[in-house]
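In my numbering, the protein residues as written are 148 to 815.
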């Protein structure tokens, strides 16, 4: 009730059976014990002494006039001596306690004297003078006195008897400043002495400001000594569990059952081992300058790999990381942002798999991932933009292997896939329908992105399609897409986006019947991009289509996508209203595309059309002058072999016959 009256939050924390309640209860009990001791001391010095004298007077009143015997005198002496010794001992207990804390007073005394400025105004002149004032003389005398307490007679007598290597009076005082927590004794006096040792050690070895960076820069032997002292602090085992309980009460982001299991495990943690691992991790972090200030993130690409491994290896050894890691995951998964992400990407949280996931191993594996990440050879330009010029397939494969060594990511590849897609530009996010992301998909996706980014596909001003469609890039892109189940199953939108970025002169439509995976898919992709490269180099279309070399024609017609696009153009132009309407007759075409029978290629109408047209139109056809496109004299001059090739195309044979009929009709 009192706690609630002070603060509702405090009342919510200080409830029965909570760690905070146990802590406060024990501290109150300790304070009561100290107060009782003080009261007892006062009573011993005053009231009890008077009561004893009254009792003695009542018992011995009848013998008051009688002469005291030697025994009576001895008893009186003994009682007085014991009473005096008790009083002296109690006083010594208090003095020993004060003597134990005087080192704190000594280290709080400034090394330099305080300087006051005196101002004297006389005869219109102002004179400034420095006056040294030492306000610490009293403290110094107190420290000096208590530093010599153990050499006094009372200190020597009280120090004759020792318990746990402590003088008896000091042990009693320390016991009064002790309370139980989690079935362990917390010795505040010992912690106070240890804290003084830590501070003195830091002052002796650090010049200037004492902060985390200066502490971690200490000599290894000194640092080990400091962390050894910290490990001795009983309060470490109090602060962490109570702190975790406080966070739980304030946030309640995890279930009560999860919290109860977590706190039970935390209470069993060996914090000495934890501090040793934490020390090694902090030293590695400081060696890399992670606690310093940096103008940008470039330094993350130049960290010492060995130090990074030491950092994550030691963090992975922390038992608290293992315990709090899964709780942290649960917290993240229940956050509003996570729920929005899951809803947007149609992810059921129940499908997430954390079985056999060791958070410590996951943390340790981050060092290997960083090493592989460094192997990518990423860099920054002067504008702070990532540069991919030195990224290789070997580096990407190594990075993919390191990432998929993570059991957490391997178990939840769908989540990884959705996350990666969400990081892409919006126009690319719509290209991919992702339900899973295997290692090969991950590597292929990174490799494809690397090729595209090297060609500046994300920079409209500097993007050069010819730089993208080099022989090496065509081979690489074809391999990446055909070897990835993810990319090959999403190839339609992917190719449409890529080819639109390239600026293809023909409209591309991707048929669902085309196979894009495996060797067959790689062949089609290679043909497609080679065809795109050829078409991009042609300045006048459709005229240049009829002047293709045999190699160029083979490349174009080996691509089903390009062949279908060309056929569609021909059909549109030959239809009513098209530029070739009435000139190109395509009604009797049965098979446009090449076919394979018994391993032998059977030419389709499209190939025959291009071969025949080159004979009919000559080397430089002008489609702007349709009337002069075909000259009768040229036809008459053809050889028998050329005529056979010419009439091999149904389209040209019908178109030529149609033109001859028109000429005959006009002559009549």
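Where a beta carbon is used, it is the ideal one built from N, C-alpha and C, also for glycine.
Everything numeric in this text was worked out from a predicted model, so none of it was measured.
Option nearest residue i by Cα separation, candidates the options
i	options	result
residue 367	408, 429, 505 and 418	429
residue 662	630, 394 and 543	630
residue 474	501, 514 and 483	501
residue 683	471, 362 and 617	617
residue 456	476, 515 and 506	515
residue 692	716, 670 and 669	716
residue 756	417, 803 and 784	803
residue 635	454, 553, 622 and 592	592
residue 182	660, 320 and 810	320
residue 597	611, 642 and 543	543
residue 680	724, 633, 611 and 720	611
residue 795	785, 750 and 811	750
residue 479	608, 398, 719 and 811	398
residue 621	169, 594 and 499	594
residue 553	485, 504 and 733	504
residue 600	402, 537, 557 and 559	537
Boundaries of the beta strand (DSSP E) in which residue i is found, first to last residue
i	result
residue 520	No beta strand (DSSP E) contains residue 520, which is instead part of the alpha helix (DSSP H) from 506 to 521.
residue 735	Premise fails: residue 735 is in no beta strand (DSSP E) and is neither H nor E.
residue 743	742 to 744
residue 535	No beta strand (DSSP E) holds residue 535; DSSP gives it neither H nor E.
residue 325	325 to 328
residue 473	Note, residue 473: premise wrong, no beta strand (DSSP E); alpha helix (DSSP H) at 466 to 480.
residue 749	747 to 749
Run of the alpha helix (DSSP H) containing residue i, from where it starts to where it stops
i	result
residue 371	367 to 379
residue 407	403 to 413
residue 714	707 to 721
residue 585	No alpha helix (DSSP H) holds residue 585; DSSP gives it neither H nor E.
residue 350	335 to 352
residue 360	359 to 363
residue 382	Run containing residue 382: none; DSSP gives neither H nor E here.
residue 432	418 to 434
residue 544	540 to 550
residue 485	483 to 491
residue 676	665 to 684
residue 554	554 to 558
Residue i burial status per 10 Å Cβ neighbour count (16 or more: buried)
i	result
residue 549	buried
residue 389	buried
residue 407	exposed
residue 266	The predicted position of residue 266 is uncertain, since its pLDDT is 49 and thus under 50; no value can be drawn from it.
residue 602	buried
residue 698	exposed
residue 788	exposed
residue 317	buried
residue 808	exposed
residue 261	Reliability fails at residue 261, whose pLDDT of 46 lies under 50, so the model's placement of it is uncertain and no value is given.
residue 460	buried
residue 164	exposed
residue 604	buried
residue 811	exposed
residue 272	Residue placement at residue 272 is flagged as unreliable, the pLDDT there being 49, under the threshold of 50; the coordinate-derived value follows with that caveat. Classification for residue 272: exposed.
residue 614	exposed
residue 619	exposed
residue 445	exposed
residue 746	exposed
residue 743	exposed
residue 721	buried
Whole-Å CB distance - residue i paired with residue j, under 8 Å assumed
i	j	result
residue 657	residue 639	4 Å
residue 465	residue 421	6 Å
residue 739	residue 753	5 Å
residue 327	residue 173	6 Å
residue 425	residue 435	In fact, because the Cβ distance is near 16 Å, the residues do not count as touching under 8 Å.
residue 533	residue 525	6 Å
residue 588	residue 633	4 Å
residue 469	residue 405	That belief does not hold up - the Cβ atoms of residue 469 and residue 405 are roughly 14 Å apart, past 8 Å.
residue 329	residue 414	5 Å
residue 561	residue 506	Incorrect: roughly 20 Å between the Cβ atoms, too far for contact.
beta-carbon residue i near the ligand NAD non-hydrogen atom, thresh 8 Å
i	result
residue 473	No copy of the ligand NAD occurs in the structure displayed, which carries no ligand at all.
> Does the pairing of the segment 670 to 681 with the segment 709 to 725 give three or more beta-carbon distances under 8 Å?
Replying inline: Verdict: yes, contact present.
> Is the number of C-beta pairs between the segment 788 to 803 and the segment 748 to 766 that are closer than 8 Å three or more?
Replying inline: The segment 788 to 803, when compared against the segment 748 to 766, does touch it at the 8 Å Cβ threshold.
> On the three-pair Cβ rule with 8 Å, is the segment 533 to 550 touching the segment 510 to 524?
Replying inline: The answer is yes - the segment 510 to 524 touches the segment 533 to 550, with three or more Cβ pairs under 8 Å.
> Should the segment 348 to 356 be regarded as contacting the segment 366 to 380, the criterion being three or more beta carbon pairs within less than 8 Å?
Replying inline: With a cut-off of 8 Å on Cβ pairs, the segment 348 to 356 is in contact with the segment 366 to 380, counting three or more such pairs.
> Between the segment 337 to 347 and the segment 374 to 389, are three or more C-beta pairs nearer than 8 Å?
Replying inline: Counting C-beta pairs with one atom in each stretch, the segment 337 to 347 and the segment 374 to 389 have three or more that are closer than 8 Å, which means they touch.
>> For the segment 552 to 566 against the segment 487 to 495, do three or more pairs of beta-carbon atoms, one drawn from each stretch, fall closer than 8 Å, so that the two count as touching?
In response: A contact exists between the segment 552 to 566 and the segment 487 to 495.
>> For the pair the segment 412 to 427 and the segment 380 to 389, tell me if three or more CB-CB distances fall below 8 Å.
In response: The segment 412 to 427 vs the segment 380 to 389: in contact.
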